[in-house]
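Below is one structure, written out as structure tokens, with a few remarks after it.
There are 2 protein chains.
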Amino acid sequence: MERRVTLKKVSLKAIAQQLNVSVSTVSRALNGKPGVSKRLREQIIKVANDLGYTPDPLAVGLKRGTTKLIGILVPELKGDFFATIVESVERALYHLGYRLLLCPTEDDPKKEEDHLKILVNQRVDGILSAPANFRSNKSLYEAIINEHKIPVVFFDRLVEGVETDYVISDNEEGMRILLEYLISKGHRKIGFIHPLRGIYTSEIRLKTFLEYKDKIVFQEEWIKDGKSSEEDAKEAFTTIMRSKEKPTAIIVGSYHMTLGCLRAAKEMMLKIPEDISIVSFDDAPWNEIFEPPITCVSQDPREIGLIASTILLSRLKNKKMGESRIQTVLKVKFLERLSVAFIK
Amino acid sequence: MERRVTLKKVSLKAIAQQLNVSVSTVSRALNGKPGVSKRLREQIIKVANDLGYTPDPLAVGLKRGTTKLIGILVPELKGDFFATIVESVERALYHLGYRLLLCPTEDDPKKEEDHLKILVNQRVDGILSAPANFRSNKSLYEAIINEHKIPVVFFDRLVEGVETDYVISDNEEGMRILLEYLISKGHRKIGFIHPLRGIYTSEIRLKTFLEYKDKIVFQEEWIKDGKSSEEDAKEAFTTIMRSKEKPTAIIVGSYHMTLGCLRAAKEMMLKIPEDISIVSFDDAPWNEIFEPPITCVSQDPREIGLIASTILLSRLKNKKMGESRIQTVLKVKFLERLSVAFIK
DNA sequence: GTGAAAGCGCTAACAG
DNA sequence: CTGTTAGCGCTTTCAC
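Respectively, the protein sequence lines represent chains A and B.
So for the first sequence, the numbering used here puts the first residue at 2; every next one is plus one.
So for the second sequence, the numbering used here puts the first residue at 2; every next one is plus one.
Okay, structure coming up:
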């Protein structure tokens, strides 16, 4: 009794003809609109099922202006964090009939802009975005929200000044935890390899780091832009560790870059934590398996994805939730492992 | 001289009115169709640019039956391999104006089926798929290809018997390399934790492993279904290493599962490779950083994505390439590192 | 070379 | 309750 597997193009018209009724009646019946006799409605539904009817989303979209498409902008997919968020979002939206238009930005505001314009053009119902830059594309986002009335929810990052929903982690707190921990372990000479400048999380973490200027031994050469990439972080790490005066600990601003730093340490035959202590932003499955396991502050990407989806969904349902913004800041979790030495 | 950032709904009609010509002329002009005077065409193009016109993809799709949408089915995003493929595909298709509809299947044929039906319904122009199962959904795929005429390109995996393009890796060869290597290192007691049964790569690797039955010490309890998951692999590994008679080496059928095995080894205080040798399918950035670095056969996800996209693109261009199928089998690369001991 | 008209599949007034 | 009509934005005959 297998369901027909080959759903040939069957339109409202086909159903209408088969029952000798008009297309509009069929439309009403199938959409649960009032104004169709119970008996006829049931017949129509039956025929529709038998024929394997599914509405043409293009036609519906054209007419109704709603596409059941959600655009999701992420800098990248590699490296578990954003991948997990996207998976989580997909699971939350899937059963409600929404589909994901995937837009990797590579942290390039220009590519982000292109994607955004296309999403508007495609008439997506909503947009989830981890923006490439905390300043760029501000007016574009505002136009999308205010003029095109497409709900936008930021996650992990945001664009400063854009009034909309978001779910991010407490990056200040994350940096403070890491710093306080290192200090408590006796470290004063502390370096920071931060993510690509311009990214919201990079700016916040850097800003918070700089607030500790006086509590630590501050040295310009120990602060480097790892550009969110494994290679650049590797180079940054190497440079720092080659300088005359070395730090005793380095804070690494993201999981990709942690890989780069570990690679560099390995090549330089540096023992962690004996020769250099390392702590990192973001956890990953392999962090725990490394020798030594890496101490870090972590965010839960699954939760971020779920919350972002939930917020978007409520906007979608409730077009007129008005000005009340849902802005969530998640606590980070501190995972103490073995990558930090105690300094006397 | 910034480009207008807020492209309000501007249609062909708007342009037509502004120049006092008909909509059809504008359409022709903008689509480079013959039958418009050079002068008029230029004017139209200018006005279109000034107004920031972009064709409505829904309307175009409805009319022309082409949507510039590509569906991509992957089991998951976590873990770099498929994430990198998707990124690579996106980069290849992006500049040609194609967008990705992301469909994570979680290796569930039912979810795969749902996604496929929706993709057909959405009238995607093409489908890239790493199918969840080497048998399921065969007739659905065939219907999509033959009846709906939507080109399908399999990557990494395929569905047996479905006549279409694909790009996969040489899994038999991969398994042979691993096995021969272990044997050359003196191993005879070899276990295998394979990916979820039913997945193409799992079946092939298992089949090839079994062909070595007579050249190794074969033991049922050393072969386990790691279900492509970290947890299941961890449990499988633990069980195997608790059995009375232990293998000296274990082949792990995918990168996720490698993490699980390493975790298990750590918990059981097993030293690699002294207590147990490990080799793995698929490489990952962290494989090299582990202590010891993991010996493996690897495929290049970037290349897989690129080839798959290229094939699809040529199908899209050349609807009538006819029966000639492009079926690519990529060589795997063997990366010898330090996770295998030499057994006298 | 250009315009008018039909229609893709659907929804939503407006009439009966 | 049901059918007719119009139209979403675009492409594509078919006339002129």
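From the three backbone atoms N, C-alpha and C, an ideal C-beta is built for every residue, glycine too.
Remember, it's a predicted structure, so these values are computed and weren't measured experimentally.
Determine the direct distance from the alpha carbon of residue j to that of residue i, and round the result to whole angstroms.
i: B/E3; j: A/I71; result: Model confidence at B/E3 stands at a pLDDT of 42, short of 50, so the residue's coordinates are unreliable; what they give is reported in the following sentence. Spanning the two alpha carbons is a distance of roughly 28 Å.
i: A/Y201; j: A/N134; result: 6 Å
i: A/E212; j: A/R316; result: 37 Å
i: A/E88; j: B/R92; result: 20 Å
i: B/A347; j: A/D126; result: Nothing can be reported for residue 347 of chain B: it is not among the residues displayed for chain B, which extend from 2 to 345.
i: B/R326; j: B/D166; result: 5 Å
i: A/L8; j: B/K334; result: Residue confidence is low: A/L8 scores 49 on pLDDT, short of 50, so the model does not pin down where it sits. No coordinate-derived value is stated.
i: B/R136; j: B/V160; result: 6 Å
i: A/R346; j: A/F291; result: With chain A represented from 2 up to 345, any question about residue 346 of chain A goes unanswered, as that position is not in the structure.
i: A/N138; j: B/T85; result: 26 Å
i: A/D108; j: A/S229; result: 9 Å
i: B/T68; j: B/P58; result: 7 Å
i: A/T259; j: A/V253; result: 6 Å
i: A/G347; j: B/L101; result: Any answer about residue 347 of chain A is impossible in this case: the structure gives chain A only from 2 up to 345.
i: A/A15; j: B/Q19; result: 40 Å
i: B/I251; j: A/L78; result: 30 Å
i: B/E164; j: B/D283; result: 27 Å
i: A/V330; j: A/G306; result: 13 Å
i: B/S185; j: B/L336; result: 15 Å
i: B/C297; j: B/E204; result: 19 Å
Closer than 8 Å, CB to CB, is residue i near chain B or not?
i: A/K150; result: no
i: A/I273; result: no
i: A/L207; result: no
i: A/L103; result: yes
i: A/Q123; result: yes
i: A/L13; result: no
i: A/A342; result: no
i: A/M228; result: According to the sequence provided, residue 228 of chain A is Lys. The question's Met does not apply to it. Closer than 8 Å: no.
i: A/T296; result: no
i: A/P132; result: no
i: A/A49; result: no
i: A/P196; result: no
i: A/A234; result: no
Let me know the secondary structure DSSP gives residue i once reduced to three states.
i: B/P105; result: strand
i: B/D226; result: strand
i: B/V24; result: helix
i: B/K267; result: helix
i: B/T296; result: strand
i: A/T329; result: strand
i: B/G261; result: helix
i: A/A285; result: coil
i: B/R198; result: coil
i: B/I241; result: helix
i: A/F219; result: coil
i: A/R177; result: helix
i: B/K190; result: strand
Taking the alpha helix (DSSP H) that residue i falls in, what are its first and last residues?
i: A/I45; result: 39-52
i: B/G36; result: Counting along the chain, B/G36 falls outside any alpha helix (DSSP H), and DSSP gives it neither H nor E.
i: B/P302; result: 302-318
i: A/L59; result: 58-65
i: B/S89; result: 82-95
So the beta strand (DSSP E) residue i belongs to, where does it begin and stop?
i: A/K334; result: 334-336
i: B/S12; result: Here B/S12 belongs to no beta strand (DSSP E), and DSSP marks it neither H nor E.
i: B/S278; result: 278-282
i: A/L74; result: 70-75
i: B/V253; result: 250-253
Say whether chain A places a C-beta atom closer than 8 Å to the C-beta of residue i.
i: B/F291; result: yes
i: B/T67; result: no
i: B/I46; result: no
i: B/W287; result: yes
i: B/V6; result: Reliability of the predicted coordinates at B/V6 is poor, the pLDDT of 44 falling under 50, and no value is obtained from them.
i: B/K111; result: no
i: B/V24; result: no
i: B/K79; result: yes
i: B/A60; result: yes
i: B/T239; result: no
i: B/K267; result: yes
I want to check one thing, is the minimum distance from the CB of residue i to the heavy atoms of the ligand FAD below 7 Å?
i: A/K235; result: The ligand FAD is not among the ligands present in this structure, which contains no ligands whatsoever.
Checklist entry - Along the chain, which unbroken stretches of the alpha helix (DSSP H) at least 4 residues long are found entirely within the segment 113-172 of chain B? => result 139-143
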